[in-house]
Amino acid sequence: MNRDSWKSREMIRLILSIVLLIIGLILLGAPTFAMEVIVVIIGVVVLAYGVIQLLINLSKRNKGDANAGVAVPVIAIIIGVLLIIFRGGVANVVLPFIIGVWALVTGIMSMIEASHVKDYSTGAWKVALISGLAELALGIIMIAGIIAGGNALGILLGVCLTIYGIISIVEWGIIASSKK
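If you're matching positions, the sequence shown starts at 84 in my numbering and goes up one per residue.
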């Protein structure tokens with residue numbers, strides 16, 4: 084991986100970590116409301132994606148492109164509308180599950196990255212490994228905590244995202260300084 088693509092990937096990772104930290108703090112302050120707002124935002128984004136992609140694919144079909152399907156955009160539109168309409172139930176069950184799975188995946192990816200960074204620095208790989216283990220633990224907690232209920236789950240999600248954001252920012256700083 085060249086240096087410029089690494090820098091741009093790491094900058095995106097830093098921005099995402101800061102956003103997750105902020106969302107975590109907001110969830111700690113108003114867990115139920117914040118989770119519903121997050122679900123509505125996701126619903127609007129998925130709905131917009133579906134509408135835009137549907138228009139693009141219909142335009143391609145009019146120009147003779149038989150491969151421009153409409154199934155995925157229509158499914159995205161339906162999912163977006165459902166997320167907006169049924170935000171309460173989604174906020175309490177589906178969103179924490181998705182975030183839990185995401186934390187598991189990023190934890191595994193962080194541990195893989197730790198093995199790659201091990202060659203560059205003596206200490207940075209340890210932080211990446213600890214971060215990966217913490218992300219795995221947070222993912223398991225999120226998935227297992229779904230049975231706890233809405234408000235408790237919002238607070239748990241807030242704690243998890245806040246911890247994840249802090250760990251990711253620290254990890255980014257250590258890895259970035261080791262790559263200079």
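For every residue, glycine included, the Cβ atom is placed at its ideal position computed from N, Cα and C.
Note that this is a predicted model, so its numbers are computed, not measured.
Straight-line Cα distance separating residue j from residue i
i    : j    : result
W208 : S260 : 12 Å
C243 : L130 : 27 Å
G147 : V153 : 14 Å
V155 : R144 : 15 Å
K201 : I246 : 23 Å
L141 : V134 : 10 Å
I158 : Y203 : 44 Å
M192 : R92  : 14 Å
Q136 : G171 : 27 Å
G124 : V184 : Gly is not the amino acid found at residue 124; the sequence shown has Ile there. Straight-line Cα distance between these residues: approximately 20 Å.
R96  : E218 : 15 Å
V177 : I139 : 29 Å
S198 : G206 : 12 Å
Proximity winner among the options, relative to residue i (alpha-carbon distances)
i    : options                   : result
S100 : K201, G206, E119 and T189 : T189
V127 : I161, M192 and L221       : I161
I181 : I224, G256 and I95        : I224
A220 : I158, A186, H199 and Q136 : A186
L111 : I238, E93, I258 and I257  : I238
M194 : Y132, L104, L212 and G107 : L212
L103 : I257, G256, L240 and I258 : L240
S214 : I109, G107 and W255       : W255
E196 : V122, G183, L108 and L216 : L216
L236 : I258, G206 and G107       : G107
Continuous alpha helix (DSSP H) stretch holding residue i: start and end
i    : result
A113 : A113 -> no alpha helix (DSSP H), and no H or E assigned at all.
G215 : A207 to A227
G152 : From DSSP, G152 is part of no alpha helix (DSSP H); its letter is neither H nor E.
V264 : For residue 264 there is no data in the structure shown, the boundaries of the chain being 84 and 263.
Any non-hydrogen atom of the ligand SAH within 8 Å of residue i CB
i    : result
G237 : This structure simply doesn't include the ligand SAH, nor any ligand for that matter.
* Touch test, the segment 209-229 against the segment 156-173, Cβ-Cβ under 8 Å, three pairs minimum -> no
Would you call the segment 109-127 and the segment 249-257 touching, i.e. three or more CB-CB distances under 8 Å?
no
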